[in-house]
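For the sequence shown, my numbering assigns the number 16 to the initial residue and increments by one for each residue that follows.
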Amino acid sequence: MAKNIFRKELKDLKPYIPGKPVEKVMEEYGLTEVVKLASNENPLGPSKLAIEAIINEAPRVNIYPDPSVEIVKEKLMQKHGFPREQIVVGNGGEEIIKMIAMTFINEGDEAVMQDPTFSLYDITISHMGGVSKKIPLVDFETDLDAMIDAINEKTKLVYLCNPNNPIGNIVSKDKLDNFVDKIPEDVVLVLDEAYFEYASRNIEYPDGLEVLKRRPNTIVLRTFAKIAGLAGLRIGYAFSSEEIITEMAKTKGVFNVNRIAQVAAAAAMGDDEHIKNTVDLNYESIGYMVDYFESKGLRYVKTSANFIFADLGIDSKQTFVDLQKKGMIMRPGFIWGYETWARISSGSMEDTKKFMTALDEIIG
Ligand SMILES: Cc1ncc(COP(=O)(O)O)c(C=O)c1O
């Protein structure tokens, strides 16, 4: 029998399912225009300051980037008051999530997480031979008590995606504080705040960095992909204790963040107006969708992110196809086990209206 050359965990590893690219839908259905509300991207595009920085940096891409990404760390230090030793920058939040699994998980170690939640936690844990303890949501809310009950001596990590992707709702500050108090000190709490700036408009939304201040075994993850409109450049970051950041940094790619991404992210952090406009537009777009769902008597979950989870009342697999024929892309709920639901990202008002019109033609 031929020798199995692959890491044994790869056999059952389910790959991440990304949102369907615009180009693919155009080709498949012979369309010239497609509205993609599927990957929680920023409809405003990147900040003008970021674009300027990208253009200025272009002639220097023959030079390797700074492996410690100082230009971004400096800005994060100024903004959040944590020293550089407590910050790591990654090739997207995605790389940070990989680093976490590589840093903590030995074979058989366990990680507790919501279900559904961002699937890369499970994928990276499984890749390292760990076991994901997936705790079902109860009426779309995170079951914090069940998550605590799932912690045992094998538990290394507890993930809390807040707001939770794909649902969009949050765990409030009071509930988080209570939850944190019950997690054993030697279990690492990962607070994924990829949608932090959007969620901060909700007064009940907690700031994970406050948790880190009193609980060193905490990792707070954020990204420039959404709010800064830099999804295509791949740059995200995390704060933790100096000890954890030192170990995590050993697992990262050496030159993991390219020169263009570094200057763009640093510039984007200085553009408060772009950030404000992004969040304003998000809630205008979401508001439009909510009005539609209300008018049709359709269920949805109150969101604090740049997407909304709604029950369209019809088969999501079929609706996904029907919408594509009309040049519209969303994320069908069946991939998370919600057959008639969909996750729809916020968009420009023009795209939001086009999308809802197309959806209405299908729903009838
Ligand atoms: C909850 C959550 N965490 C992390 C990420 C990863 O972000 P990035 O695009 O920076 O890799 C995403 C992206 O969709 C996300 O939704």
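Note that beta-carbon positions come from the ideal geometry of N, C-alpha and C, so glycine has one too.
- With distances taken between CA atoms, residue 290 lies nearest to 241 out of 228, 250, 241.
- By the Cβ neighbour-count rule, residue 29 is exposed, with fewer than 16 other Cβ atoms within 10 Å of its own.
- If only uninterrupted beta strand (DSSP E) runs of at least 3 residues are considered, those enclosed by the segment 170 to 249 are 170 to 176, 203 to 207, 233 to 238.
- Secondary structure at residue 257: helix, using DSSP grouped into helix, strand and coil.
- If you look at residue 125, you'll find it in the beta strand (DSSP E) that goes 125 to 130.
- In chain order, the residues with a C-beta atom nearer than 6 Å to some heavy atom of ligand 1 are 55, 107, 108, 109, 133, 176, 180, 207, 209, 238, 240, 246, 251.
- Positions of the alpha helix (DSSP H) runs, each at least 4 residues long and wholly inside the segment 284 to 308, cannot be given because no such run exists.
- Taking residue 87 as the centre and dropping the five residues before and after it, the same chain places the C-beta of 104, 250, 252, 272, 277, 280, 281, 284 closer than 8 Å to its C-beta, in chain order.
- Across the set 348, 225, 298, the C-alpha of 225 shows the shortest separation from the C-alpha of residue 192.
- If you ignore the 5 residues before and after residue 134, its C-beta comes within less than 7 Å of the C-beta of 31, all in its own chain and listed in chain order.
- At a Cβ-Cβ threshold of 8 Å, residue 369 and residue 349 do not count as neighbours.
- The segment 256 to 263 and the segment 95 to 115 touch, with no fewer than 3 CB-CB distances between them shorter than 8 Å.
- Residue 178 places its beta carbon less than 8 Å from that of residue 210.
- Pairing residue 60 with residue 123, the inter-Cα distance amounts to about 42 Å.
- Each of 174, 379, 364 was checked against the Cα of residue 157, and the nearest Cα belongs to 174.
- Cβ atoms of residue 316 and residue 107 stay farther apart than 8 Å, at about 26 Å.
- Taking a contact as a CB-CB distance under 8 Å, the pair residue 64 and residue 286 counts as one, their CB atoms being some 5 Å apart.
- A distance below 6 Å between beta-carbons, with the five flanking residues on each side excluded, links residue 76 to the following residues of its chain, in chain order: 274.
- The DSSP-derived three-state label of residue 347 is strand.
- Separation of residue 361 and residue 72 (C-alpha to C-alpha, rounded to the nearest whole angstrom) is 31 Å.
- Straight through space, the alpha carbons of residue 26 and residue 20 are spaced by roughly 11 Å.
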